[in-house]
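Take the sequence shown: its letters are residues 15 to 97, numbered as in this note's numbering.
C-beta: ideal position from N, C-alpha, C; glycine also.
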Amino acid sequence: MNELKPTKRTRVPFTDWLLFVTNFTWAYALFRVLFHPPADPEHLQGLKMMAWFGIAATAIVFGIRVIQKKNAASKEASSESKK
Numbered sequence: 015m016n017e018l019k020p021t022k023r024t025r026v027p028f029t030d031w032l033l034f035v036t037n038f039t040w041a042y043a044l045f046r047v048l049f050h051p052p053a054d055p056e057h058l059q060g061l062k063m064m065a066w067f068g069i070a071a072t073a074i075v076f077g078i079r080v081i082q083k084k085n086a087a088s089k090e091a092s093s094e095s096k097k
């Protein structure tokens with residue numbers, strides 16, 4: 015009888031995890047502001063700032079991710095041309 019062997023686990027790059035977290039941050043803050051606004055104006059202002067921070071962080075992380083993928087593709091192309 016064949017024994018069940020675990021499949022090889024692949025690692026998710028750190029930038030992908032960071033992109034998920036930043037997306038979740040601004041989406042959660044926007045959801046709270048639009049659908050469950052707090053009564054306290056300071057708390058509302060904090061949620062708005064959290065949403066803007068999340069959007070800015072998402073843009074930065076996405077840009078870093080694009081640059082990393084571009085650099086990886088160019089390294090792969092240059093290594094193939096040297097062969």
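Burial state of residue i (16 or more Cβ within 10 Å)
i	result
Thr36	buried
Val75	buried
Ala70	exposed
Leu48	exposed
Ala73	exposed
Leu61	buried
Run of the alpha helix (DSSP H) containing residue i, from where it starts to where it stops
i	result
Asp30	28–49
Spatial neighbours of residue i in its chain, beta-carbon cut-off 7 Å, leaving aside the 5 residues before and after
i	result
Met64	Thr39, Ala43
Lys96	none
Simplified DSSP assignment, three categories, for residue i
i	result
Pro55	helix
Arg79	helix
Thr72	helix
Leu18	coil
Measuring CB atoms only, is the region 73–92 touching the region 23–36, in the sense that at least three cross pairs come out at less than 8 Å?
yes
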